[in-house]
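Numbering (this note's numbering), first residue to last: 523 to 629.
In this text, a Cβ means the ideal position worked out from N, Cα and C, and glycines have one as well.
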């Protein structure tokens, strides 16, 4: 059986519906606040990237070695995303996108 065949059964349970609704609302709030604080988030990411490159430089690694290590970490993140699945990430992600759109529209 596929996930699409099981969706009506899954969403017929009140606990699952409540959890999905709360996850969607959390994602909505996260997206809205993120768009409002976008410049701070971009500055935060830039600081993290700069700090990472300084760490690589201080360890004496080459950029190629650092990217190879990052590639290994990305593979682990992909596997973790598969394990978490659609039911845990989906509602928050959809809510985030909707909240980001609302945040962009309400300047």
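In chain order, what residues of the same chain lie with their CB nearer than 8 Å to the CB of residue i, ignoring the 5 residues before and after it?
i: residue 626; result: 557
i: residue 568; result: none
Pick out whichever of the options has its Cα sitting closest to the Cα of residue i.
i: residue 620; options: 536, 532, 533, 549; result: 549
i: residue 622; options: 546, 553, 533; result: 553
i: residue 575; options: 591, 560, 536, 562; result: 591
Hey, could you find the ends of the alpha helix (DSSP H) residue i is sitting in?
i: residue 549; result: 536-558
Answer with buried or exposed for residue i, where buried requires no fewer than 16 other C-beta atoms within 10 angstroms of its C-beta.
i: residue 546; result: buried
i: residue 533; result: exposed
i: residue 566; result: exposed
Please list, in chain order, all residues of the same chain as residue i whose beta carbon is under 7 Å from its beta carbon, the five residues on each side excluded.
i: residue 551; result: 621
Does the pairing of the region 614-625 with the region 523-542 give three or more beta-carbon distances under 8 Å?
no
Specify whether the region 527-534 and the region 593-602 touch according to this definition: at least 3 beta carbon pairs, one from each stretch, less than 8 Å apart.
no
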